[in-house]
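Let me begin by presenting the structure, written as structure tokens, before commenting on it.
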Amino acid sequence: MKGKGLDQDDWAERAVHQRAGPEPTDNLRNRVLDGVRRALAEPAARVVWGWSGAARWAAVAAVLIVGLALSQMAASVTPFFDRPVAVAPSPSVRDVAQLMRQVSPGLNADEADRLALASAARGDLPAIPIANADTKLPAPDAGLNFQGDVR
Amino acid sequence: MELAPEPNVDVKLLAAGEPVAYAALYARLARRLLRVAGAMLGDAGEAEDAVHDVFVALARGRERLAYVEDLDAYVFASLRHAIAARADRRRIERRHWERLASIPVSAAQSADPADQGEVSAALAALPPEQREIVVMKIDGGLTFAQIAQALSISPNTAASRYRYAMEKLRKLLEDRT
């Protein structure tokens, strides 16, 4: 059994191959073929596509990809996504002037208006009439910077 | 043992439900299937039942046979399912493999007590997944590609599992002698 003179890969395989085992008998043959005949007399089973795990996940992934693609397409053609972004209401020059007079009580109305208008001139606020346009403003070296003064 | 030449089996006739084709398939594979089932179930009667189940299942699902590429691998895969189904019916599904590992091989399977004591017992001592590969290769006469198809594993896995199994079997046989 050990087969020392044989190829090591050979003797074990041959031992397994040559071992005794069950042999098909006539009784088994008759029983099997009877069972086959009965099964053949039944309607044939329909071929059913089985869902393997991989196929199921592939289907889920496909649905997600298609859904994402459709949502992107919808977003590109729907006006809802193209609405202008709402902007905060900007204060008028008058509001700014009033605020300046509140925080700087030394300013008179004309100075506040000029200062507010000068600030607004750099933005897109609409120009508004200034009540006392002839009022003399302090000299530039007095510390005030009237950059953007439109006079 | 001198074996009769295995008859060719026409898959189209099987799919068409020709009894003659099933008789030819039985003549071709019955002995191989029976030996594999015997080694896996450890009981000659259970092995015969499993072979019977395989042929009946093939006849019932005969339309599928038209799509089968490797008939031998397909039939042995069916045998594997039949063996598992038998285990299920005996309410030992959860411990199927453990049970297979511990089943002593029936003495009725061997005419040579000495051979029975050595080879079959050593075979029964293998882990079931290794024993399955060995008997499918040696008793079933399948290639590694066919075994891989029947077990749903890669051919490389089948080959390496077989190599480990044979190494273990060789050692078991050497220890027993």
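Protein chains in written order, with my numbering: chain C, 1 to 151; chain H, 1001 to 1177. The beta-carbon is built from N, C-alpha and C at its ideal position, and this holds for glycine as well. Model, not experiment: these values are computed from the prediction.
Proximity of residue i and residue j at Cβ, strictly below 7 Å
{"i": "PRO24 of chain C", "j": "LEU1071 of chain H", "result": "no"}
{"i": "LEU1065 of chain H", "j": "VAL1020 of chain H", "result": "no"}
{"i": "PRO22 of chain C", "j": "ALA1047 of chain H", "result": "yes"}
{"i": "ALA1077 of chain H", "j": "ALA1150 of chain H", "result": "yes"}
{"i": "LEU1081 of chain H", "j": "GLY35 of chain C", "result": "This sequence places His at residue 1081 of chain H; Leu is not what is there. Result no, Cβ atoms of HIS1081 of chain H and GLY35 of chain C do not sit closer than 7 Å."}
{"i": "LYS1137 of chain H", "j": "TYR1162 of chain H", "result": "yes"}
{"i": "ALA12 of chain C", "j": "ARG1170 of chain H", "result": "yes"}
{"i": "ALA1023 of chain H", "j": "LEU33 of chain C", "result": "yes"}
{"i": "VAL1135 of chain H", "j": "VAL1036 of chain H", "result": "yes"}
{"i": "ALA1124 of chain H", "j": "LEU1172 of chain H", "result": "no"}
{"i": "VAL169 of chain C", "j": "ALA116 of chain C", "result": "Any question about residue 169 of chain C goes unanswered here, given that chain C covers just 1 to 151."}
{"i": "ALA1145 of chain H", "j": "SER1154 of chain H", "result": "no"}
{"i": "VAL1119 of chain H", "j": "ARG19 of chain C", "result": "yes"}
Within chain H, partners of residue i - CB distance below 9 Å
{"i": "GLY35 of chain C", "result": "HIS1052, ASP1053, PHE1055, VAL1056, ALA1059"}
{"i": "GLY53 of chain C", "result": "Result: empty, since nearest Cβ-Cβ is about 12 Å, beyond 9 Å."}
is_contact[residue i, chain C] using C-beta, thresh 7 Å
{"i": "ALA1125 of chain H", "result": "no"}
{"i": "SER1110 of chain H", "result": "Confidence at SER1110 of chain H is low in this model, with a pLDDT of 42, below 50, so the placement of that residue should be treated as unreliable; the coordinate-derived value is given next. Judged by the 7 Å Cβ criterion, SER1110 of chain H is in contact with chain C."}
{"i": "ILE1147 of chain H", "result": "no"}
{"i": "LEU1151 of chain H", "result": "no"}
{"i": "TYR1074 of chain H", "result": "no"}
{"i": "ASP1070 of chain H", "result": "no"}
{"i": "PRO1019 of chain H", "result": "yes"}
{"i": "GLY1042 of chain H", "result": "no"}
{"i": "GLY1141 of chain H", "result": "no"}
{"i": "ARG1163 of chain H", "result": "no"}
{"i": "GLY1038 of chain H", "result": "yes"}
{"i": "ALA1023 of chain H", "result": "yes"}
{"i": "SER1154 of chain H", "result": "no"}
{"i": "LEU1079 of chain H", "result": "no"}
{"i": "LEU1169 of chain H", "result": "yes"}
{"i": "ILE1138 of chain H", "result": "yes"}
{"i": "PRO1113 of chain H", "result": "With a pLDDT of 41 at PRO1113 of chain H, under the threshold of 50, the modelled position of this residue cannot be trusted; read the value that follows with caution. Answer no: the Cβ-Cβ gap between PRO1113 of chain H and chain C never drops below 7 Å."}
{"i": "ALA1085 of chain H", "result": "no"}
Closer than 7 Å to chain H by CB, residue i
{"i": "PRO79 of chain C", "result": "no"}
{"i": "ALA58 of chain C", "result": "no"}
{"i": "PRO22 of chain C", "result": "yes"}
{"i": "ALA74 of chain C", "result": "no"}
{"i": "LEU68 of chain C", "result": "no"}
{"i": "ALA39 of chain C", "result": "yes"}
{"i": "ALA62 of chain C", "result": "no"}
Interface residues of chain C facing residue i [CB-CB closer than 7 Å]
{"i": "VAL1134 of chain H", "result": "VAL16"}
{"i": "VAL1195 of chain H", "result": "Nothing in the structure corresponds to residue 1195 of chain H, since chain H is present only between 1001 and 1177."}
Chain-ordered neighbours of residue i on chain H, where CB pairs are closer than 8 Å
{"i": "LEU28 of chain C", "result": "ALA1030, LEU1034, GLU1048, VAL1051, HIS1052"}
Residue i versus residue j - alpha carbon distance
{"i": "ALA1057 of chain H", "j": "VAL1009 of chain H", "result": "17 Å"}
{"i": "ALA1122 of chain H", "j": "ALA1016 of chain H", "result": "43 Å"}
{"i": "LYS1168 of chain H", "j": "THR1143 of chain H", "result": "20 Å"}
{"i": "MET1166 of chain H", "j": "PRO1127 of chain H", "result": "12 Å"}
{"i": "ALA1050 of chain H", "j": "TYR1067 of chain H", "result": "23 Å"}
{"i": "ALA59 of chain C", "j": "ALA69 of chain C", "result": "15 Å"}
{"i": "ALA1085 of chain H", "j": "ILE65 of chain C", "result": "39 Å"}
{"i": "GLY1061 of chain H", "j": "GLU1018 of chain H", "result": "13 Å"}
{"i": "ALA75 of chain C", "j": "SER119 of chain C", "result": "41 Å"}
{"i": "VAL1075 of chain H", "j": "VAL77 of chain C", "result": "56 Å"}
{"i": "ASN108 of chain C", "j": "LEU99 of chain C", "result": "12 Å"}
{"i": "ALA1059 of chain H", "j": "ASP1175 of chain H", "result": "45 Å"}
{"i": "ARG114 of chain C", "j": "SER104 of chain C", "result": "14 Å"}
{"i": "ALA1158 of chain H", "j": "ASP1139 of chain H", "result": "15 Å"}
{"i": "ILE1133 of chain H", "j": "GLY67 of chain C", "result": "45 Å"}
{"i": "ILE1083 of chain H", "j": "ARG31 of chain C", "result": "18 Å"}
{"i": "ASN27 of chain C", "j": "ARG38 of chain C", "result": "17 Å"}
{"i": "MET73 of chain C", "j": "ALA55 of chain C", "result": "27 Å"}
{"i": "ASP10 of chain C", "j": "GLY1045 of chain H", "result": "31 Å"}
{"i": "ARG1131 of chain H", "j": "LEU1029 of chain H", "result": "19 Å"}
{"i": "GLY53 of chain C", "j": "ALA1073 of chain H", "result": "22 Å"}
{"i": "GLU1129 of chain H", "j": "VAL63 of chain C", "result": "38 Å"}
{"i": "PRO129 of chain C", "j": "ARG101 of chain C", "result": "At PRO129 of chain C, the pLDDT of 49 sits below 50, so the modelled position is not reliable and the matter cannot be decided from this model."}
Under 7 Å from the C-beta of residue i: neighbouring residues of chain H
{"i": "VAL32 of chain C", "result": "TYR1026, VAL1051, HIS1052, PHE1055"}
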